[in-house]
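Enquirer: Dropping the structure in here first, questions after.
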Amino acid sequence: MIDSLTPIAVLGAGRVGQALASRLHEAGFHVWFGVREAPPLKDEGAPKRLLVEDEAEPEPLPVPEVPRLGIHDAVRHAGVVFVALPAAAAREVLVDAPLPNGVIVVDCTNPVRWDNGPVHDPPAEGSMAAHLAAALPNARVVKAFNHFGAEIQSDPSMAHGSADAYVAADDAAARADVIALASTLGFTGRDAGPLRNASLLEALAVLWIHLATVGGQGRQFAFVQDGRPSA
Ligand SMILES: NC(=O)c1ccc[n+]([C@@H]2O[C@H](COP(=O)([O-])OP(=O)(O)OC[C@H]3O[C@@H](n4cnc5c(N)ncnc54)[C@H](OP(=O)(O)O)[C@@H]3O)[C@@H](O)[C@H]2O)c1
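For the sequence shown, the working numbering begins at 908 and goes up steadily by one.
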């Protein structure tokens, strides 16, 4: 179970890192950043929510209450590690880090290249999550929080409910824990099955990016699984 006493490290303090850390902090979780340089925060008065005023990808704003540690200090005692790093950097950062045995590593990355639009460009294992799982045998790798923009990670409320957060992992307990965490954060946490389905969630992210950019739909949407009314 992931609760308010579980130490949570968010690696990367960019758009996704700031949005997730903000959401976790507001929900009462014990969260800190892991960054390659941990300077003192300068902008103490800045709002902690990601503010989006137009459809361009927003710059991250500081989350003053969330401490910043170096990557190794951040992960050393963590129960959960969110990976909010560029896909190209994630493996190298994590294999060097002192991850505790059994730690849940939530992979939020998307391996994407651009060719008149976003194209899924995964490592040989088929997804970034599988790539990380192969490199981190003592971690429980979970794919989640990758298939919507940072604005949705900051605030998952939609016109008719909450954004879906699909969660894929081979470790059933870790998958259940992250589904529950997603629901606590205001998403509709959904079971996406084993880690092999991480490639589908990365492809779903590519669809989201396509729709948001070349598709002209902007960034204020998320996928919501619906069903027929029960009889
Ligand atoms: N942006 C979105 O809406 C979105 C949505 C879903 C998923 N994603 C995925 O989430 C990941 C992060 O995206 P983002 O938009 O948050 O990126 P971003 O704003 O560029 O932030 C990336 C963060 O990673 C850090 N970083 C880069 N290389 C590093 C290294 N070698 N070692 C340690 N830290 C390093 C950067 O630190 P410095 O400040 O020191 O450079 C920065 O804090 C990507 O894989 C992306 O595909 C993005």
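Heads up, the beta-carbon is just placed ideally off N, CA and C, and yes, glycines get one too. Please read all numbers here as calculations on a predicted model, not as lab measurements.
Starting from the Cα of Gly1033, find the closest Cα among Pro993, Leu1108, Phe1052 and give me that residue.
Expert: Within the sequence shown, numbered from 1, the residue matching residue 1033 stands at position 126. When only C-alpha atoms are compared, the closest one is Leu1108.
Enquirer: Could you tell me if Ser911 is buried or exposed, where buried requires 16 or more neighbouring beta carbons within 10 angstroms of its beta carbon?
Expert: If you number the sequence shown from 1, residue 911 lands on position 4. By the 10 Å Cβ count, Ser911 comes out exposed.
Enquirer: For a test of the three-state rule: what should DSSP assign to Arg1097, helix, strand or coil?
Expert: Counting from one through the sequence shown, the residue named residue 1097 turns up at place 190. The answer is strand: DSSP assigns Arg1097 an E or B state.
Enquirer: Rounded to whole angstroms, what is the Cα-Cα separation between Met1035 and Ala995?
Expert: What you label residue 1035 is simply residue 128 of the sequence shown in a count that begins at 1. What you label residue 995 is simply residue 88 of the sequence shown in a count that begins at 1. Taking the straight line joining both Cα atoms gives about 9 Å.
Enquirer: How long is the line joining the alpha carbons of Gln1060 and Ala981, rounded to whole angstroms?
Expert: Position 153 of the sequence shown, counting from 1, holds the residue named residue 1060. Position 74 of the sequence shown, counting from 1, holds the residue named residue 981. If you take the alpha carbons of Gln1060 and Ala981, they lie about 21 Å apart.
Enquirer: Could you tell me whether any non-hydrogen atom of ligand 1 is closer than 8 Å to the CB of Ala1110?
Expert: Here residue 1110 refers to the residue found at position 203 of the sequence shown. No, the Cβ of Ala1110 stays beyond 8 Å of every heavy atom of ligand 1.
Enquirer: Just checking my contact of His979 with Pro1005 at CB under 8 Å: how many whole Å lie between their CB atoms?
Expert: Residue mapping note: residue 979 aligns to position 72 of the sequence shown, counting from 1. Residue mapping note: residue 1005 aligns to position 98 of the sequence shown, counting from 1. Going by Cβ atoms, the distance from His979 to Pro1005 rounds to 6 Å, so yes, they are a contact pair.
Enquirer: Do Arg1097 and Asp1062 count as a contact pair if the criterion is CB distance below 9 Å?
Expert: Here the question's residue 1062 lines up with position 155 in the sequence shown. Here the question's residue 1097 lines up with position 190 in the sequence shown. No, these two residues do not count as a Cβ contact at 9 Å.
Enquirer: So, with DSSP's three-state summary, where would you put Ser1137?
Expert: By one-based count along the sequence shown, residue 1137 stands at place 230. Ser1137 falls in the coil class under three-state DSSP.
Enquirer: Using 8 Å for Cβ pairs, my map puts Leu931 next to Leu1092. What's the rounded Cβ distance?
Expert: As a first step, residue 931 is located in the sequence shown; it is residue number 24 there, counting from the start. As a first step, residue 1092 is located in the sequence shown; it is residue number 185 there, counting from the start. Indeed they touch by this definition, with Cβ atoms about 7 Å apart.
Enquirer: Terminal residues of the continuous beta strand (DSSP E) containing Gly924?
Expert: Position 17 of the sequence shown, counted from the first residue, corresponds to residue 924. No beta strand (DSSP E) holds Gly924; the alpha helix (DSSP H) holding it covers 922 to 933.
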